[in-house]
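Residue numbers (the working numbering): -6 to 256.
Laid out in structure tokens, this is it:
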């Protein structure tokens, strides 16, 4: 999923902020205790992977007037949140219900640890059999660890080619360390170009998370300092909300109003 990491090499003040946050934490707990605590917390959160996955599988069986399909990684699963439905997918599902006044079935195809390669292999085949009213995609953060620009560009284009025109895709979130941000900037350039070519709206996840700055680093990550917490996922949902709401109004609400008017 996303990593503990904001803007780029051109933003020294942010880098200083990250170092300040790190030094504050490390100064309080000590380097070794801090690392041990993060590893312990990461192990604890890993235990929630099958729990979250089962929760989404069970809820995919529920009926709904609208179908919302999510493609993504552990962020869509909600790892780090207090409950699976506190992931950005869960928050957005509630938004769809509120805006449309209709029930929503959520099919969350995301897989923890997914890269764009794995999304093409595992999630796209399942997506092809669905006819969603709402689609969100946030994938690619896990590609940064072993960055392969050619593979990322090929995979993101393969994913976007399968999406309906009303899908909302997010760019990669802000990684708060300069060496990662350089890769993220390259990935996001490719992602936005692919979105333009396929006529898709891009949710500005990078800009929204970047603006959280030092406060976000200190308050919006789960105990593993890798996944968002409930507050962090609310920020992710904020990045999607304007485009998603506009899509809902133009496709579903306006269409419903026109149908009523004809009768």
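Where is the CB? At the ideal position from N, CA and C, for every residue including glycine.
Look at the beta carbons and you see the segment 66 to 74 touching the segment 42 to 50: at least three pairs across the two are nearer than 8 Å.
Ranked by Cα distance from residue 81, the first of 60, 103 and 92 is 103.
Separation of the CB atoms of residue 126 and residue 42 is rounded to 28 Å, and the pair is thereby denied contact status at 8 Å.
Counting C-beta pairs with one atom in each stretch, the segment 93 to 103 and the segment 59 to 66 have three or more that are closer than 8 Å, which means they touch. Across the structure, residue 110 and residue 50 are spaced so that their CA atoms are roughly 22 Å apart. Residue 129: member of the beta strand (DSSP E) spanning 127 to 131, first to last residue. If you look at residue 101, you'll find it in the beta strand (DSSP E) that goes 97 to 101. Residue environment for residue 212: exposed (fewer than 16 other C-beta atoms within 10 angstroms of its C-beta). A direct Cα-Cα distance of roughly 14 Å separates residue 114 from residue 154. Residue 55 counts as exposed, since fewer than 16 other C-beta atoms from the protein chains shown sit within 10 angstroms of its C-beta. Per DSSP, the unbroken alpha helix (DSSP H) holding residue 149 starts and ends at 142 to 154. Comparing C-alpha distances from residue 178 to each of 163, 207, 199 and 191 shows the shortest one belongs to 199. Between residue 163 and residue 128, the C-beta spacing is not below 8 Å. Between the segment 204 to 218 and the segment 171 to 188 there are fewer than three inter-stretch CB-CB distances shorter than 8 Å, so the stretches are not counted as touching. Inclusion of residue 106 and residue 66 in the CB contact set at 8 Å is warranted, their separation being smaller than that value.
Of the residues 138, 159 and 132, the one whose Cα lies closest to the Cα of residue 151 is 132. Counting every other CB atom within 10 Å of its CB across the protein chains shown gives residue 118 a total below 16, marking it as exposed.
Taking each of 238, 53, 87 and 77 in turn and checking the Cα distance to residue 160, the smallest one comes out for 238.
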